[in-house]
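One structure is given here, and the rest of the page talks about it.
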Amino acid sequence: MKIKRDIIHIDEEKCDGCGKCIRSCVEGALRIIDGKARLIAEKYCDGSGICVWKCQLSALKIVEREADEFEEIIVQGRC
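Here it is in structure tokens:
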């Protein structure tokens, strides 16, 4: 179900694929795909923004928008 909440947004133009954001995302919501950081599933992103602070290029930001609910149980099962 979609709800309005904080979630990561990645500016693909700015992203250089360094992977620092991926290493900081304990939920595993981000992956490098085709040389760029990508949000692999909205339900994995808790919207905490830890990844934002790791990006030296300001390619990531937290936005409020309609997104799938964060599913902590699923994330815990993936770790």
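According to our numbering, the sequence shown is numbered sequentially starting from 4. Each residue gets a CB set at the ideal place from its N, CA and C atoms; glycine is no exception.
Nearest neighbour of residue i, chosen from the options [CA to CA]
i, options, result
"residue 31", "7, 15, 45 and 20", "45"
"residue 38", "4, 65 and 23", "23"
"residue 26", "6, 58 and 8", "58"
"residue 15", "9, 52 and 41", "41"
Beta-carbon gap between residue i and residue j smaller than 8 angstroms
i, j, result
"residue 20", "residue 35", "yes"
"residue 4", "residue 75", "no"
Cβ-based neighbour list, residue i, same chain, cut-off 6 angstroms, excluding 5 preceding and 5 following
i, result
"residue 43", "34"
"residue 6", "72"
Rounded C-alpha distance that separates residue i from residue j
i, j, result
"residue 11", "residue 70", "10 angstroms"
"residue 28", "residue 48", "9 angstroms"
Cut-off 7 angstroms between Cβ atoms - residues of its own chain near residue i, not counting five sequence neighbours on either side
i, result
"residue 55", "63, 64 and 65"
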